[in-house]
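Chains as they are written, first to last, in our numbering: chain A, 202 to 491; chain B, 2 to 355. Cβ atoms here follow ideal geometry from the backbone N, Cα and C, with glycine treated the same way. As the structure is a prediction and not an experimental result, all values here were calculated from the model. To start, the structure itself, in structure tokens.
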Ligand SMILES: Cc1cc2nc3c(=O)[nH]c(=O)nc-3n(C[C@H](O)[C@H](O)[C@H](O)COP(=O)(O)OP(=O)(O)OC[C@H]3O[C@@H](n4cnc5c(N)ncnc54)[C@H](O)[C@@H]3O)c2cc1C
Ligand SMILES: Nc1ncnc2c1ncn2[C@@H]1O[C@H](COP(=O)(O)O)[C@@H](O)[C@H]1O
């Protein structure tokens, strides 16, 4: 075994998604539903951890290691690809196609797998693919494992920490009741838990580079690849509504507990506590130890 | 006739997980509506002692795979055994359910992608019912389906519930949140009336791509926070292990009260795992949940949001926990909790004196 095996150049991918921004009030209806057209957009918060993981993996590889961020979404989703470039991701690719509308997880995983296959064929076999644990809008955590099934990558989900040594990923992952340390062979797909390290801030250089790319069509061609289903060789029938085995047949509002939390603030601890205890005095008295 | 209702069991250290029993209880109702058998896959090593529990939870058919490599859950070996078996079935299961645990969420998407079938995540209600697909761009989907799996799940930050179904292809799959279904009452059935079948285990070399190096899991001991009426839970905001002493003092003012914790407080070692509330801890439903220095991350929330009354204390007015608590106190735990102890104790004296 060669001694510099550790420094093998790594070909890394990270899958990121743009989701509605639920932190701001914009686009959030009174009943709590989201008006996707009006809502602001943001990088899926879980994918920031995946991006940090990809950047750290790159640092563990050889000097020519590279990361490609891939997203599937409407054209404005390039915003998160610019964001990725600012954080030091080397290349980006967006799969955008009207036929992708209303994709469920199976159809999403299919379209992303085909995009990855297209990139692997051109840019070489992958070593690592990182996904967020889940999205805040789809909220399924299924896309990563479904891609593994299609691409036959080694699967490690819920990763909290990892290092790469001799072509093996040593990862710590969340399990019921604790954690597990595993050794996984490359090429692997890792879904990264939000207990992983926080994404570091953009560097000044990164921010400047993004400005340059935004201004130059030539740089956009180089760093922001736009593909559609035909280009990646995907079968339309397996995409979007047609390729989705599930539908949402109805939705209705649910009263979550509280929902309209009664806030107590700006007073002394004595007043705050007495407000709450008198509002809930029956409950409190019921369980008081005498 | 509709195919079987299949539950893929989860086990920890050879003991069937509670969520599997919950699913058997709910699966029984679905199987009865369909007139289909309720089946359970058990994968593990030396699991025979668990068969009786699964029968008592209502299973009609048990498929058991025994192999040392199956003792701990690993994606690829489990996937192999399940798919090999299901590939031999003439009729696929009508419904296939797993818990939405770290295991179920790891394995169920593999099975769904293999069969290219639908999978609903994190379901909170299940039923069987009809669906008519009338119009739409995809004409091949039009039709009347008398027996669909209805999987209802929260969506959009839990303010909406969505019914998701996919009657076009079996198995219709869902992962189910632990703790939302009741444990089934014990079913009296003798083992002889239950069909028990061995599943062949033929693992391939590529199934060993992930090796387990170490498992860090603390045994759940006697503490069962899921039975308490009052839980005083502490999070990372407590700042130190000492903080839990304060919470214990508050808890000791109530009957059937315990302390609980967020995962972050457990991870830093201030309190042990059996006290953890949330997705990878316990699901609790006390009458009163006092959350101290807990931000209210989704994985914590799913474990406690069904509490009757939630009092949250957090110094950050924008903490997510204030979006679903009953009462939100914006303040420092170390000022609010001692005051609460004082006032609760005073209440106590009042109650006694009247
Ligand atoms: C796969 C997976 C499974 C998970 N499972 C679980 C689970 O089962 N249970 C769980 O709880 N988490 C779980 N988590 C972790 C979860 O995402 C959060 O990270 C965790 O719940 C945060 O814990 P916390 O609220 O204690 O800490 P933080 O998010 O750090 O919040 C601390 C809070 O304390 C407040 N605070 C600080 N000081 C004070 C003070 N002096 N007075 C008042 N307030 C103060 C802060 O404003 C802050 O809101 C899981 C994560 C993953 C990825
Ligand atoms: N449209 C998409 N584009 C790129 N990545 C995605 C997309 N949808 C899901 N993913 C990836 O899959 C993970 C899990 O998403 P989900 O299954 O929707 O909860 C996300 O964190 C992303 O890494």
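Min CB distance residue 351 of chain A to chain B below 8 Å: Within the first chain, the letter at position 150 stands for residue 351 of chain A. With 8 Å as the cut-off, residue 351 of chain A counts as an interface residue toward chain B.
8 Å contact criterion, which residue 154 of chain B and residue 108 of chain B should meet: CB distance rounded: Your numbering for residue 154 of chain B matches position 153 in the second chain. Your numbering for residue 108 of chain B matches position 107 in the second chain. Incorrect: roughly 18 Å between the Cβ atoms, too far for contact.
Sequence ranges, beta strand (DSSP E) only - wholly within the stretch 360-442 of chain A, length at least 3: 369-376, 379-386, 389-393 and 425-428
Which of helix, strand or coil DSSP assigns to residue 339 of chain B: What you label residue 339 of chain B is simply residue 338 of the second chain in a count that begins at 1. It is helical.
Euclidean distance between Cα positions of residue 264 of chain B and residue 128 of chain B: Taking the first residue of the second chain as position 1, residue 264 of chain B is located at position 263. Taking the first residue of the second chain as position 1, residue 128 of chain B is located at position 127. Each residue's Cα considered, the two are about 32 Å apart.
Endpoints, beta strand (DSSP E) assigned at residue 226 of chain B: As a working mapping, residue 226 of chain B is identified with position 225 in the second chain. Boundaries cannot be given for residue 226 of chain B, as no beta strand (DSSP E) includes it and DSSP labels it neither H nor E.
The alpha helix (DSSP H) enclosing residue 362 of chain B, as first and last residue numbers: What the structure shows of chain B is the stretch from 2 to 355, and residue 362 of chain B is not part of that stretch, so it cannot be assessed.
Cutoff 7 Å; reference residue 222 of chain A; Cβ partners in own chain excluding five residues on either side: Here residue 222 of chain A is taken as the residue at index 21 of the first chain, counted from 1. Cβ within range, chain order: 240, 241, 242 and 243.
Beta-carbon neighbours of residue 328 of chain B, restricted to chain A and to distances below 9 Å: As a first step, residue 328 of chain B is located in the second chain; it is residue number 327 there, counting from the start. By Cβ distance, chain A contributes 459, 462, 463, 464, 465, 476, 477, 480 and 481.
Any C-beta of chain B under 8 Å from that of residue 340 of chain A: Looking up residue 340 of chain A in the first chain gives position 139. Flagged as an interface residue toward chain B: residue 340 of chain A, by a C-beta distance shorter than 8 Å.
Cβ of residue 448 of chain A within 8 Å of any chain B Cβ: Position 247 of the first chain holds residue 448 of chain A. For residue 448 of chain A, the answer is yes, since a Cβ of chain B falls inside 8 Å of its Cβ.
As assigned by DSSP and simplified to three states, the class of residue 20 of chain B: Here the question's residue 20 of chain B lines up with position 19 in the second chain. Residue state for residue 20 of chain B is assigned as helix, using DSSP reduced to three classes.
Of the residues B:29, B:31, B:82 and B:169, the one placed nearest residue 208 of chain B, counting alpha carbons only: Mapped onto the second chain, residue 208 of chain B falls at position 207. Minimum Cα distance to residue 208 of chain B is reached at B:82.
For residue 76 of chain B, the first and last residue of its enclosing alpha helix (DSSP H): In the second chain, the residue the question calls residue 76 of chain B occupies position 75. From DSSP, the alpha helix (DSSP H) with residue 76 of chain B extends over 76-88.
Span separating the alpha-carbon of residue 1 of chain B from that of residue 249 of chain B: The shown model of chain B, from 2 to 355, leaves out residue 1 of chain B, and the question about it has no answer.
Nearest candidate by alpha-carbon position, reference residue 216 of chain A, set A:438, A:248 and A:482: Position 15 of the first chain, counted from the first residue, corresponds to residue 216 of chain A. Of the candidates A:438, A:248 and A:482, the one whose C-alpha sits nearest the C-alpha of residue 216 of chain A is A:248.
By C-beta, the residues closer than 7 Å to any heavy atom of ligand 2, given in chain order: A:216, A:217, A:218, A:245, A:247, A:248, A:251, A:271, A:272, A:273, A:274, A:306, A:309, A:313, A:332, A:333, A:334, A:335, A:336, A:339, A:340, A:341, A:342, A:343, A:344, A:345 and A:392
Residue 386 of chain A Cβ short of 7 Å to ligand 1 heavy atom set: One-based indexing of the first chain puts residue 386 of chain A at position 185. Because no heavy atom of ligand 1 lies under 7 Å away, the Cβ of residue 386 of chain A does not count as near it: no.
is_contact[residue 336 of chain B, chain A] using C-beta, thresh 8 Å: Counting from one through the second chain, the residue named residue 336 of chain B turns up at place 335. At least one chain A Cβ lies under 8 Å of residue 336 of chain B.
Any chain B beta carbon closer than 8 Å to residue 365 of chain A: As a first step, residue 365 of chain A must be located in the first chain, where it is residue number 164. Residue 365 of chain A does not count as touching chain B.
For residue 154 of chain B, the first and last residue of its enclosing beta strand (DSSP E): Numbered from 1 along the second chain, position 153 holds the residue referred to as residue 154 of chain B. Its beta strand (DSSP E) spans residues 144-156.
Near ligand 1: residue 265 of chain B beta-carbon under 7 Å from a heavy atom: Along the second chain, read from residue 1 onward, the residue named residue 265 of chain B stands at position 264. Flag set: Cβ of residue 265 of chain B near ligand 1.
Unbroken alpha helix (DSSP H) run spanning residue 301 of chain B, endpoints: Within the second chain, numbered from 1, the residue matching residue 301 of chain B stands at position 300. Taken as a continuous stretch (DSSP letters only), the alpha helix (DSSP H) holding residue 301 of chain B covers 299-302.
Where residue 26 of chain B falls: helix, strand or coil (DSSP): Here residue 26 of chain B refers to the residue found at position 25 when the second chain is read from its first residue. In the structure shown, residue 26 of chain B adopts helical secondary structure according to DSSP, grouped into three states.
8 Å Cβ cutoff, residue 260 of chain B in contact with chain A: In the second chain, counting from the first residue as 1, residue 260 of chain B sits at position 259. So, not an interface residue.
Span of the alpha helix (DSSP H), counted from its first residue to its last, around residue 70 of chain B: As a first step, residue 70 of chain B must be located in the second chain, where it is residue number 69. Counting along the chain, residue 70 of chain B falls outside any alpha helix (DSSP H), and DSSP gives it neither H nor E.
Helix, strand or coil at residue 92 of chain B according to DSSP, with G and I counted as helix: Translated into the one-based positions of the second chain, residue 92 of chain B becomes position 91. In the structure shown, residue 92 of chain B sits in coil (DSSP, three-state: anything other than H, G, I, E or B).
Closer than 8 Å at the beta carbon, the chain A residues around residue 162 of chain B: Against the second chain, residue 162 of chain B aligns to sequence position 161. By Cβ distance, chain A contributes 452, 453, 454 and 455.
For residue 63 of chain B and residue 196 of chain B, the rounded distance between their alpha carbons: Position 195 of the second chain, counted from the first residue, corresponds to residue 196 of chain B. Position 62 of the second chain, counted from the first residue, corresponds to residue 63 of chain B. C-alpha separation (whole angstroms): 6 Å.
Residue 90 of chain B burial status per 10 Å Cβ neighbour count (16 or more: buried): On the second chain, position 89 is the one that residue 90 of chain B refers to. The residue in question, residue 90 of chain B, is exposed, as its Cβ has fewer than 16 Cβ neighbours within 10 Å.
Whole beta strand (DSSP E) elements within the stretch 171-211 of chain B, 3-residue minimum: Runs of the beta strand (DSSP E) lying entirely within the stretch 171-211 of chain B and spanning at least 3 residues, in chain order: 173-177 and 196-199.
Cα-Cα separation between residue 163 of chain B and residue 451 of chain A, rounded to whole angstroms: One-based indexing of the second chain puts residue 163 of chain B at position 162. One-based indexing of the first chain puts residue 451 of chain A at position 250. Cα to Cα, residue 163 of chain B sits roughly 6 Å from residue 451 of chain A.
Residues bridged to residue 213 of chain B (per DSSP): Locating residue 213 of chain B in the second chain gives position 212, where the first residue counts as 1. According to DSSP, which records beta bridges pairwise, residue 213 of chain B is partnered with A:383.
Neighbour list for residue 305 of chain A in chain B, Cβ cutoff strictly below 9 Å: As a position in the first chain, residue 305 of chain A is number 104, starting the count at 1. Near residue 305 of chain A (Cβ distances below 9 Å), the residues of chain B are 119, 120, 165 and 167.
For residue 102 of chain B and residue 288 of chain A, the rounded distance between their alpha carbons: As a working note, residue 288 of chain A is residue 87 in the first chain. As a working note, residue 102 of chain B is residue 101 in the second chain. Whole-angstrom Cα-Cα distance: 32 Å.
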